[in-house]
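Counting from 1, one number per residue, gives the positions in the sequence shown under UniProt numbering. Step one of this worksheet: look at the structure below.
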Amino acid sequence: MSVNSVRENDRVYERFQLIVNGPALFNAVVTALELDVFKLLSDHPGSDFDSIRESTRVPAHQLRVLLHALCSTELVDKRDGGYTNSSVAQELLAGDGPDSWRHILLGWQKIYYPAFAQMTPALRAGTNTALATHPGDEPTLYQRLAHDPELEKVLHASMGAFTLQSVPGLLDNADLSTVRHLLDVGGGDGTTAKQLVELHPNLRVTVFDMPSVTEIAGSDVPEALAGRLALHPGDLFADAFPQDADAILFSHLLEVFSEEQIRRLLAKAYDALPSGGRIFLYGFDAADQERRGTFAARLSLYLNVLATGQGMAYPAGDYANWLERTGFSGVETYTDLPYDHALVTGTKK
Ligand SMILES: C[S@@+](CC[C@H](N)C(=O)[O-])C[C@H]1O[C@@H](n2cnc3c(N)ncnc32)[C@H](O)[C@@H]1O
């Protein structure tokens, strides 16, 4: 039996081939997004080569190369001379709404993936050495992007779109029926806050984030929600949490920090809440990290190489343990949510 025939049906070998060709194919997909190829094939399924060329204005030879790459991913299918989106491309890549993978992938290409070339020195050094390419002397990417408003918008459009993809795990499981005022710490561009106030007509949400980010959050609040969405610019370590919330949410936030910083933030949340106040921790979960979780694994690498130089997709059990050690009771954990996510909740006695 030849080596090739052994590997023919080997799932790991199939994954290996995709991984090693991934950087090139990933960039081909982003180029297709930038040239609006998926949108064209959505509006005109079965478009032929000449009409794609006319629409994209890419020279014939280079377009042939790009279309070959897209067909090799199976995101685009060529049949009888016409090109069509696969159902995955149609669902995830053809639109350009705020939840589109277009924004996610553009952010990964422009910010995350260039940094991964620095992975070995960053992991060896034990800090986010890839941050050196971003102007400023602050220790995290979030702080440095305040010097580069255009790139900061790209990051928040990317995080916001990913949050819209993954937020149903929070909306479906977090019981906010008794909550009047929720503080969303590190609430980013307000994507989660807007979803929450839309879903809960009696809820007010305050987004606490850095000033350059709350400015983005405040730039497109629908009028109908404006009275129930407040902004609190500041530094979540240096500045006090507002004291009038009866619940606190950390969404995709704690994973960016070390255990010591997380425990400081949980203690700060405990002090800011009234008796009976609720806490909600939502984000990536590395529950079974030796066996699965490509989203969680990618996120952990990004955090260590570029964003903060620490943190990871901690197992949900760690959060439950830290909540209990902070003094929260009735701790509940919801795991196996989409995109390797988990929700951990508790109550201040
Ligand atoms: C990974 S994003 C999560 C955004 C949002 N919660 C979500 O689920 O999409 C982390 C957020 O924490 C904010 N952040 C990081 N360090 C901060 C600090 N020291 N003070 C205030 N906000 C901070 C960043 O600006 C960013 O919006």
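Just so you know, even glycine gets a beta-carbon here, dropped at the ideal spot from N, CA and C. Predicted model only: the values in this text are computed from it and were never measured.
Ligand 1 heavy atom lying under 6 angstroms from the CB of residue i
{"i": "residue 251", "result": "yes"}
{"i": "residue 159", "result": "yes"}
{"i": "residue 209", "result": "yes"}
{"i": "residue 235", "result": "yes"}
{"i": "residue 206", "result": "no"}
{"i": "residue 305", "result": "no"}
{"i": "residue 218", "result": "no"}
{"i": "residue 192", "result": "yes"}
{"i": "residue 294", "result": "no"}
Beta carbon of residue i nearer than 7 angstroms to that of residue j
{"i": "residue 307", "j": "residue 256", "result": "yes"}
{"i": "residue 296", "j": "residue 313", "result": "yes"}
{"i": "residue 311", "j": "residue 128", "result": "no"}
{"i": "residue 146", "j": "residue 212", "result": "yes"}
{"i": "residue 94", "j": "residue 38", "result": "yes"}
{"i": "residue 55", "j": "residue 40", "result": "yes"}
{"i": "residue 237", "j": "residue 281", "result": "no"}
{"i": "residue 247", "j": "residue 326", "result": "no"}
{"i": "residue 269", "j": "residue 335", "result": "no"}
{"i": "residue 161", "j": "residue 99", "result": "yes"}
{"i": "residue 205", "j": "residue 196", "result": "yes"}
Burial state of residue i (16 or more Cβ within 10 Å)
{"i": "residue 216", "result": "buried"}
{"i": "residue 104", "result": "buried"}
{"i": "residue 19", "result": "exposed"}
{"i": "residue 17", "result": "exposed"}
{"i": "residue 85", "result": "buried"}
{"i": "residue 47", "result": "buried"}
{"i": "residue 341", "result": "buried"}
{"i": "residue 81", "result": "exposed"}
Per-residue DSSP class, three states only, for residue i
{"i": "residue 53", "result": "helix"}
{"i": "residue 178", "result": "coil"}
{"i": "residue 145", "result": "helix"}
{"i": "residue 48", "result": "strand"}
{"i": "residue 339", "result": "coil"}
{"i": "residue 211", "result": "helix"}
{"i": "residue 127", "result": "coil"}
{"i": "residue 349", "result": "coil"}
{"i": "residue 318", "result": "helix"}
{"i": "residue 162", "result": "helix"}
{"i": "residue 37", "result": "helix"}
{"i": "residue 205", "result": "strand"}
{"i": "residue 82", "result": "strand"}
{"i": "residue 43", "result": "helix"}
Minimum length 4: unbroken alpha helix (DSSP H) runs contained in the region 250 to 280
259 to 272
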